[in-house]
Structure formats: structure tokens, C-alpha cells
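Novice: I'd like to ask some things about the structure below.
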Amino acid sequence: MAYAAVLRSPHAHARIKWIDTENAAKAPGVIATLTGEEARELAGPIPFFIDPAVFGGKTTEVRCLAVDKVVMAGQPVAAVVAESVNDAEAALAAITVDYEVLSPVLDADQAMSEDAPRVYDDWDDNVVITIPFVEGDVEAALDAADHVIEDEVSIHRLSTQPIEPRGNMAVWEQDGSLTFYGSIQNPHPLRLHLSQSLGIPERSIRVIAPNVGGGLGLKMHGHPEETLVCVLAKLAGRPVKWHEDRRETLLIGGIEQRHRFKIGFMNDGTIVALQNRIITNIGMLGASPGWGMSFLSALSFPLGYKIAATDVQVQAVTTNKGIWNATRGYGKQGTNVPMERMVDMAARHLGMDRIEIRRQNLIEAHEFPFTTNSGLHIDSGDYHGALDKLVELIDYEELKAEQERLRQEGRYLGIGIAYELTPEAADIPGTIVGGFDSCQVKMGPSGNVTVLTGVTSPGSGNDTGIVQIVADELGVPIDSIGIVQGDTEACPYGFGNYSGRSIVSGGNSAVLAARDVADKVQAGAALLLEAAQDDIELANGLASVKGAPEQAIPIAKVAETIYTLNFAIPGIPEPPLESTRVYKPDNIRHTPDEKGRIQPYPTYSFAVHGAVVEVDVETGRIEITRIGIVHDCGTMINPAFIEGQMAGAVVMGMGNAWTEELKYDEDGIPLSTRFKTYLMPRAGDVPEIELVHQVTPSPFTLLGTKGAGEAGVGGGMSVLTNAVDDALAPLGVTVTELPVSPPNVLAAINRARANGGAA
Amino acid sequence: MSDTLPLGVTLNGIERSVEVDPRRLLVEVVRDELGQPGTHIGCLTGDCGACTIELDGQIVKSCLLLAASANGCEITTIEGLAENGELTTIQQAFWDEYGFQCGFCLPGMLFAAKDLLEVNATPTDGEIRSAINGNLCRCTGYDTIVKSIAEAARRMAAA
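As C-alpha cells, this is what we get:
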């Protein structure tokens, strides 16, 4: 084994004049060095997970090591392989790079000005793509509205930061085949992309993703270090491992965006018009799927609100900030936060209750399936039922009374309310973002079952969930079933982990495969028990005749008979007891409708959130005292896992909105380089979570599941922001800028006081 | 490779000695040279707690110590907690109460929980949260971890 270390650009924008690795090559323990020029001879560009060109945007060539120019601080420019990590890191210091430093452009608005530096020399401007979603005559609707609020909401740059950083290892075999081990989310798609960048057949690559210590979108691939480690292992002539340092993980961000909007509404609270111009600051355009979140932030408007006229446009802008990757929620938090701010702003303007205004505008249960203005076809829901449950859960009326009492004492209690919609299990045409997935179920002669699936688990428990599903279908004990995930040699083709898809796509494919195996077991049992196949029930490890439980045979015995007496017993089903099936959820539509819209999601989970905070107006410090959630993701396979997903997502969302921020200095150098400066919630920062389930099954998925895992991030961000806004309402503060960190909250209070405030 | 230093430790009850690169951190040596990969590296700055181990009976973040400085010490890692494959009461409570998801923070959480319950057999939820404030979890939102530790305390009191 040898170890890699990566030399990264200290500049946000610079030309590389020359690189000298001679001294590094002579340093103790060094096996090989690599520059961008050299790497270009050994590997092609890194394929995009989602290429903006597919949607009519601009694209660029992404290399594992920069050639000629760096466009973000931290971009890899050279690498060393050595006998130990320490030797490799020490040798980096011996590499000399001569840079011609260029002016960076860091702000998205500035990046759009005519005279802004170009991040990519051959582009006309810094706009990657502009995507409009227009429905109805917004100008007329705004004119006709009783009230119009014009304002903006901005969300800062944040990141998901799983506690396990990324890690890659490449092993070349003598026959030219490659085994890649990685803490990654999408083994099969990575195999394709490695074959393209390395120029070797897909069949020569095996990708193994062992237990992953949290994915959260950050471990979707397209990162330079995947191809890089393979090239280094080839050079070194032995396996090479690269283990990311947290400083490197913290180079990867997402979400940073600004919404400039006008929202029009009537005296009774009906929202009639929304115009929104979104600009996302995607930093360096990378091959990983992060930039695509821009698309989702616009597409998801106006969530489940019935707004007749909407005109939403997103522009994704490249700058010299760090690369984006997917952040759990995949851009939907970029809809949830501003939309929930707007609804609260309208309520405050009218003096209307915030639950009431949501009741007034959300799709009603009898109106599903419902087509939104951007063409999304929301499968099912009961938003009003969820609001009723939330009111009860948090005792909303009593909370409001308490808030009033505390205000008299000069204390600033805030009650946050937020609705959240989470489109799940996406399939994006023309990309490797697939909405279907696969499963193989194999029963051996002992009756033991192996499940192989194309979805991977980042620790969410989907492996256990899928095993539960198979156990249920086959009627065998859970401990007789094993599951294999994350190995492209063993598992059927699948897309891995993203978009809350593991149970929707992976779980339902397991149902189909298990039913095929169950059919054969039932046929065999029917023969052995001299009964009709339709009368055979599988449960508790036994195949028994309906209504005659004494007529039964162990399922394991049936399996053994099928494998060992197949020639002896005429008519017994043929082995193997195996089936591989794909599940394609309904409701996805890629044929554009008359307005050119597609429908990339089968299902839409939702939640409503309540939170109580107290703000110390002298310090800007927030104490979160209550979190209440009503969550509806349709049919639940394992409620405990779903609760775990929701609790984790909400706390992550609250951290995202509160103290987590990837900051840069004026030269574009990252300042949030460690967990001492990128502050994620700790146990003492959050209270116990009160969670209530509502179950509105999806009519478009086999078991009625809707997906869990992403939901909660956008809700947590929105509800905390709204709670802080509510707390500070008496001071005349309207929260329009995230994060709601103590300095920002204090600044907002001071601004409001300087303006005379409302109080 | 630079000159090495000798490191002799009692690791999970077994005496071990290895030669270590003086630049190496204790966590790196525990994982790579001593073969105990259950101790995890999340940050290398003492902020996440995934590398927590017991050193001479005290919990420490093993990324904050040079390996060579542990010479002569007794070390317990996560691999040394369960005896004969039997989970400890705390481990079992984490299992039963869904006290982890990806499991990356789990070794550190278990040591923090053990350390708390050794000095405070009946902690409040607030005391539990305070005791694990040095350990980051990005999956659970902490709720089930707090419940696991409270449940472990109840079981230990009843035993």
C-alpha cells in the first residue's frame, strides 16, 4: 500500500506558470509525483454526473489536477504518492508552483457584470445556465393583488459534512483491471465514469463501497480524487489510498443563493402571484452533481401552495469560490426557506395567523394528484390534516399566549411554523440520475436468503428495511436473510443512494424479486403438500395450507427439495430460487407536456414543523426550546428508522440555517476550514424532538412509500428562520438573510433599532 | 521514512510493541499499526470525538496525542469493550434504542457515555447532552443517543 496527498491551490484564481516536483520526487519515502500536465496524458476529463450542456447550459472540462489555470482555492494542482501519509504530506512542501495570481470573482451579482473576470476564459460570461418557469400572467396578477411585498431572501454557503470524510483506494490487477474502494454513494455510476475518464472498459472495473460513514450528498462522485487515486496507483505500481482531511471536505459547499421576489396576495390571505429571480453562486463548476441543485430550487416553486400566476427564474453563476456538491435536500431547501419566509411575510403584513394563511393556500386533500405551475405532479397528501396535528402537538394557542406574557417581561420568544415539500426518487433524463432500481433475491438449499441490491446505505437503515420487506414477502425469519450492497461485481445494476429513493425504488424492486421466489416456493410446497398453489401461505418459516395449518412444511425443506430432488420429483419448480427485478415507479413523465414541462419525481413527501426559540437580543444567541414535527412519507416500512432520518435531517437543517457557514476572505480563501470554524449542532444545542406520523400512501408506488431522508433539512432551516423572525417581530426585524447566527441576528436587531423599529 | 521510536502499550489487555514514525498521531497508529480500525478519524483537531479511546482509564481524543507519547500506557479501544462477543450494557442500549445510524461517531459516543455513567449513575437528559457535547453526530440529531444513554443508566441501576 502507498498513500497519496494532494497539493492544492492557495489562490482562488491564478494561472499556473510552472510546477517543479523534482525535489518532492527525491523526498524521503516518495514513490511518485504527478502534475496536471502529466495527469492529462494519463486520464481524460472527469465525466459530469449531470452535465449542464444536457439542459442547454455551458460546460467545461474538469480534470483531476488543474492544467494551466486554477479557479478555486483548494483545487488540486499536484499529487504525491509515498510510503506513508506523513511522507506524502511532507513531500508536498517540496513542490514549487509559480502562479500568476488573477483577480477572483466571488460574488454572484458581481460575476454577472459585464466587466467581471471570467472564471472560464472561453465563456462569454459567468452564467452556467438560465432556467425559467412561467405560468400565467404574473405582471397582471401582481397589479390585481390587494397587497404586494417586494423583498429578498438570501441563503449562505453551507455543507453537509458527514463525520466520516471521503476516502478512496485504487488497486490495479496484473490483467489491467481495476478495483476501486471508496466511501461513495453511487458505485455503478462511478464505474461508468471511471471507465470514461481512465479509458478502460466498464467491465474491467469493480467498484466497492463498503459501509459508508454518512453520505449526505457529499459523497456523490465527480470529485477529482476518484480518477486521481486510480492514476496514482497506476504510476506507483501498487495500491494507493487517499484519506481526506477535514480541511479538504470543507472545500465542498452548496446552496448559496439569493431570491429577489414580489409576492402578491389578497385581503383574505389568498396568494395570487409570485415573481422570483434566483441567482445561485455555484463556485467552480465541478463534475459532481452539486450545481444541479440550482435547477431544483426553481423547479420546486411554489411547493404545495396554489398560486395562480408564477414567474420563477434561476440563473446558476460560476465564481471563484469552492465547488458545490449535492447537499442533503438537493436544492429543495432553496425553495422551502424562501417560500416559507414569503408566506410568513404575507401573514405578518395582513396580521393573519401563520397556520391560517397556510390552510388558506395549500392544496387540499381532495385536490390530489395536483399539477403545480412548474409541471410537478404531486401524488397525494393531506397538508391540512398535518397542520391540525401540529397545532395540537405543540399546543399552538397556549404557546401564543405564553409568547405574549413573555413579551410583557421583555423576553423574545419566537414560534416558527413551516410547511415542507420534498420531491423524492428523481429520474433526470439523459443523466446517470436514475429513478428505478434493482434487486436480486436468492434462496439457497438451506432456505437462507441473500438479497443483492443496487441501492446503497449511508447508514440510514435501508439495508434493514429491504431485508424486512423480503422477510415479509417470503415468510422467513429476518435472521435467515443477508444483504449485499455497494459492490458492482455482486449487485445488480443500480444507482445507489440519493433523493430518498432507497425504499421507493430499492425496496419495491425487492418486493417484486421476493414475490418471484415466493411463487416458486409456493409451487413447490403445493406439490409436496398436495394442495393448490393459491392456497399456500408463507409465514414464520413455514409453507402451510390456508385454513389447514397442520398441513405445513418448512420453507427450508421446500428449498432443499427443489435443489436436491429436482430430477426425482416431476413437476417441482426449477432451480435456482432466484429473481432479479427492477422497479420503475409510476408518475415519472419525461415526455414534455404542451408547456414543455417534464415530471421527474414519482412522489412527494411532506412535513409541517413547529419550533420555539428564545432570542437573547443583547447577544443574538438563540436557544431552541421545542421542535415539533408532523411527517408524512406515505407507507412506512420501519418507523424507527424514519424517525431517525427526520430527527437527523431537522437538526442538520437547523445547523445549516444557524451556525454553519462556509466563509471566505476577500481573496476567496476559505476561512471555515475546521470544525472549530464550521459549527455544526452539538447535543446540547438542540432539545428533544417531538414527532408525529401521518400516513398518506402514494398511489404511484407499489407499497405506497414516499421516501425519507431528505425531508427535514428544508423544514428545519425554514422553521428555525421563521421562529427567529417571529421572536424579533416586536423589534421590527424581518429576517431575510441566513444564517441566523448570533452576529447576523444582532446585526439585524441593530439595523431595525437604527431604523426606529416597529416597537 | 524518518527514524522510529518504540511504542509499547497494553492494548485491550494485550501487550503490544511497535516502532512508530514520531510524526504519527496516536489514532493513526491505533488504526494502522495496531490494527484497531474501530477508532475513527473525523477531523484530526479534537472537535468531532470519533477517535475517542481510553488511555490509562481516562477518555482522550486520540488525534490530539502523538503516538510515541503513549509509550507505557494502557489503551482501551472500541474493540476492547465487549467481552466474549457480549455487548456491554451501554452498547446494548445503543443497539436497542437506535443510538446510531452510520455508526461513525458511535465508538466515541460509547466512551463518552461510559465515562459519564462511571461518575454519574443517574444523569438527567441535560447532563447526558453535556457529556456528549464533545462528540459530533451528523445522522441522529442526538435524540436517540440521549435515550440510549438514559436507558443504559436505568439498566445499570436495575442490575
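Heads up: the protein sequence lines correspond to chains L and X, in order. Using our numbering, you'd call the opening residue of the first sequence number 1 and step up by one each time. Using our numbering, you'd call the opening residue of the second sequence number 760 and step up by one each time. Heads up, the beta-carbon is just placed ideally off N, CA and C, and yes, glycines get one too. Computed from a predicted model, the values in this text were never measured in an experiment.
(1) Within 8 Å of any Cβ in chain X, is that where the Cβ of L:R626 sits?
(2) Please state whether DSSP places X:Y901 in a helix, a strand or coil.
(3) Which value, in whole angstroms, describes the spacing of the CA atoms of L:N775 and L:E152?
(4) Determine the extent of the beta strand (DSSP E) in which L:D437 is found, giving its start and end residues.
(5) On the three-state DSSP scale, how would you describe L:A759?
(6) Mark L:S113 as exposed unless 16 or more other C-beta atoms lie within 10 angstroms of its C-beta, in which case mark it buried.
(7) State whether the segment 656-669 of chain L contacts the segment 167-177 of chain L, with contact taken as three or more CB pairs (one from each stretch) at a distance under 8 Å.
(8) For X:M760, does the three-state DSSP call read helix, strand or coil?
(9) Under the assumption that L:E164 contacts L:G214 (Cβ atoms under 8 Å), give the Cβ distance between them as a whole number of angstroms.
(10) Considering X:W854, what are the terminal residues of the alpha helix (DSSP H) in which it resides?
(11) When you compare each of X:G839, X:N892, X:I849 and X:A880 to X:G797 by their alpha carbons, which one comes out closest?
(12) Can you tell me which residues form a DSSP beta bridge with L:T33?
(13) In chain L, what lies closer than 9 Å to X:L905 by C-beta?
(14) Can you list the alpha helix (DSSP H) stretches of 4 or more residues lying completely in the segment 321-409 of chain L, in chain order?
(15) Measure the alpha-carbon distance for X:M760 versus L:L7 and round it to whole angstroms.
(16) Sort L:Y604, L:S480, L:T33 and L:I357 by Cα distance to L:E424 and report the nearest one.
(17) Closest to L:G444 by CA distance: which of L:K219, L:S579 and L:Q174 is it?
(18) Closer than 8 Å by C-beta to L:E61: which residues in its own chain qualify, once you throw out the five before and the five after it? Chain order, please.
(19) Under a Cβ-count criterion, where at least 16 other Cβ atoms within 10 Å of its own Cβ denotes burial, should X:N830 be classed as buried or exposed?
(20) According to DSSP, simplified to helix, strand and coil, what is L:F265?
(21) Flag L:G351 as yes when its Cβ comes closer than 7 Å to any non-hydrogen atom of the ligand COA, and as no otherwise.
(22) Shorter than 8 Å from the beta carbon of L:Q599 to some beta carbon of chain X?
(23) Does L:T619 come out as helix, strand or coil in the three-state DSSP assignment?
(24) Who are the near neighbours of L:R40 in its chain, counting only those whose CB is closer than 7 Å to its CB and skipping five residues on each side?
(25) Tell me the DSSP secondary structure of L:V127 in three-state form.
(26) What's the gap between the Cα of L:W324 and the Cα of L:S197?
(27) Does the beta-carbon distance from L:E737 to L:S294 come in below 8 Å?
(28) Which one of L:G304, L:R260, L:T319 and L:G292 has the shortest CA to CA distance from L:N281?
(29) Is it buried or exposed for L:S300, if we count other Cβ within 10 angstroms and need 16 for buried?
(30) Check the Cβ-Cβ distances between L:I129 and every residue of chain X, and say whether any is below 8 Å.
(31) Given L:V212, which residues of its chain have a CB within under 6 Å of its CB, disregarding the five upstream and five downstream residues?
(32) If contacts are defined as beta-carbon pairs under 8 Å, then X:R775 and X:L793 qualify, I think. What distance do you get, rounded to the angstrom?
(33) Using only the alpha-carbon positions, how far apart do L:N462 and L:T488 sit?
(34) Closest Cβ-Cβ distance between L:D245 and chain X: below 8 Å?
(35) Helix, strand or coil for L:F295 per DSSP?
(36) From L:D311 to L:D593, what does the alpha carbon distance come to, in whole angstroms?
Specialist: Considering the structure as presented:
(1) Position 626 of the first sequence, counted from the first residue, corresponds to residue 626 of chain L. No, its Cβ sits nowhere closer than 8 Å to a Cβ of chain X.
(2) Counted from its first residue, the second sequence places residue 901 of chain X at position 142. Here X:Y901 sits in coil by DSSP.
(3) Only positions 1 to 759 of chain L appear in this structure, which leaves residue 775 of chain L out of reach.
(4) Reading the first sequence from its first residue, position 437 is the one you call residue 437 of chain L. Note, L:D437: beta strand (DSSP E), D437 to M443.
(5) Here the question's residue 759 of chain L lines up with position 759 in the first sequence. Because L:A759 carries a pLDDT of 44, less than 50, the predicted location of this residue cannot be relied on, and the following value inherits that uncertainty. Of the three classes helix, strand and coil, the one that applies to L:A759 here is coil, per DSSP.
(6) Start at 1 with the first residue of the first sequence, and residue 113 of chain L comes out as number 113. Exposed, since its Cβ has fewer than 16 Cβ neighbours within 10 Å.
(7) no
(8) Stepping through the second sequence from its first residue, residue 760 of chain X is reached at position 1. Per-residue confidence for X:M760 stands at a pLDDT of 47, beneath the threshold of 50, marking its modelled position as unreliable; the derived number appears in the next sentence. Correct three-state label for X:M760: coil.
(9) In the first sequence, residue 164 of chain L corresponds to position 164, counting from 1. In the first sequence, residue 214 of chain L corresponds to position 214, counting from 1. About 6 Å; that satisfies the 8 Å criterion.
(10) In the second sequence, the residue the question calls residue 854 of chain X occupies position 95. Here the alpha helix (DSSP H) through X:W854 covers T848 to D855.
(11) Your numbering for residue 797 of chain X matches position 38 in the second sequence. Among X:G839, X:N892, X:I849 and X:A880, the Cα nearest to that of X:G797 is on X:G839.
(12) Translated into the one-based positions of the first sequence, residue 33 of chain L becomes position 33. Answer is L:V80.
(13) Taking the second sequence and counting its residues from 1, one reaches residue 905 of chain X at position 146. Checking the sequence shown, residue 905 of chain X turns out to be Val, not Leu. Here the neighbours are A683 and E688.
(14) 333-350, 354-361, 383-393 and 396-408
(15) Numbered from 1 along the second sequence, position 1 holds the residue referred to as residue 760 of chain X. Numbered from 1 along the first sequence, position 7 holds the residue referred to as residue 7 of chain L. Only weak support is given to the placement of X:M760: the predicted model assigns it a pLDDT of 47, under 50, and the value that follows is read from those uncertain coordinates. Cα to Cα, the separation comes out at about 20 Å.
(16) Residue numbering aside, residue 424 of chain L sits at position 424 when the first sequence is read from its first letter. Comparing Cα-Cα distances from L:E424 to each of L:Y604, L:S480, L:T33 and L:I357, the minimum goes to L:Y604.
(17) By one-based count along the first sequence, residue 444 of chain L stands at place 444. Nearest option by C-alpha distance: L:S579.
(18) Your numbering for residue 61 of chain L matches position 61 in the first sequence. Correct list, in chain order: P45.
(19) Here residue 830 of chain X is taken as the residue at index 71 of the second sequence, counted from 1. It counts as exposed.
(20) Translated into the one-based positions of the first sequence, residue 265 of chain L becomes position 265. In the structure shown, L:F265 sits in a strand (DSSP, three-state: E or B).
(21) Inclusion of the ligand COA in the displayed structure is not the case, the ligand content being empty and no account of it being possible.
(22) In the first sequence, residue 599 of chain L corresponds to position 599, counting from 1. It does not: the Cβ of L:Q599 has no partner Cβ on chain X nearer than 8 Å.
(23) Here residue 619 of chain L refers to the residue found at position 619 when the first sequence is read from its first residue. In the structure shown, L:T619 sits in coil (DSSP, three-state: anything other than H, G, I, E or B).
(24) Here residue 40 of chain L is taken as the residue at index 40 of the first sequence, counted from 1. Once the five neighbours on either side are set aside, the close Cβ partners of L:R40 are R63 and V67.
(25) If you number the first sequence from 1, residue 127 of chain L lands on position 127. Reduced to three states, the DSSP call for L:V127 is strand.
(26) On the first sequence, residue 324 of chain L is found 324 positions in, with the first residue counted as 1. On the first sequence, residue 197 of chain L is found 197 positions in, with the first residue counted as 1. If you take the alpha carbons of L:W324 and L:S197, they lie about 20 Å apart.
(27) As a first step, residue 737 of chain L must be located in the first sequence, where it is residue number 737. As a first step, residue 294 of chain L must be located in the first sequence, where it is residue number 294. No. Outside cutoff.
(28) As a position in the first sequence, residue 281 of chain L is number 281, starting the count at 1. Of the listed residues, the one whose Cα sits closest to L:N281 is L:T319.
(29) The residue labelled residue 300 of chain L in the question sits at position 300 within the first sequence. Buried, because 16 or more other Cβ atoms sit within 10 Å of the Cβ of L:S300.
(30) Residue mapping note: residue 129 of chain L aligns to position 129 of the first sequence, counting from 1. Closer than 8 Å: no.
(31) Residue numbering aside, residue 212 of chain L sits at position 212 when the first sequence is read from its first letter. S183 and P458, listed in sequence order.
(32) Position 16 of the second sequence, counted from the first residue, corresponds to residue 775 of chain X. Position 34 of the second sequence, counted from the first residue, corresponds to residue 793 of chain X. The pair is a contact, with the Cβ atoms about 6 Å apart (cut-off 8 Å).
(33) In the first sequence, counting from the first residue as 1, residue 462 of chain L sits at position 462. In the first sequence, counting from the first residue as 1, residue 488 of chain L sits at position 488. For L:N462 and L:T488, the distance between alpha carbons rounds to 18 Å.
(34) The residue you call residue 245 of chain L lines up with position 245 of the first sequence. So yes, L:D245 belongs to the interface.
(35) Your numbering for residue 295 of chain L matches position 295 in the first sequence. In the structure shown, L:F295 sits in a helix (DSSP, three-state: H, G or I).
(36) Start at 1 with the first residue of the first sequence, and residue 311 of chain L comes out as number 311. Start at 1 with the first residue of the first sequence, and residue 593 of chain L comes out as number 593. Straight-line Cα distance between these residues: approximately 18 Å.
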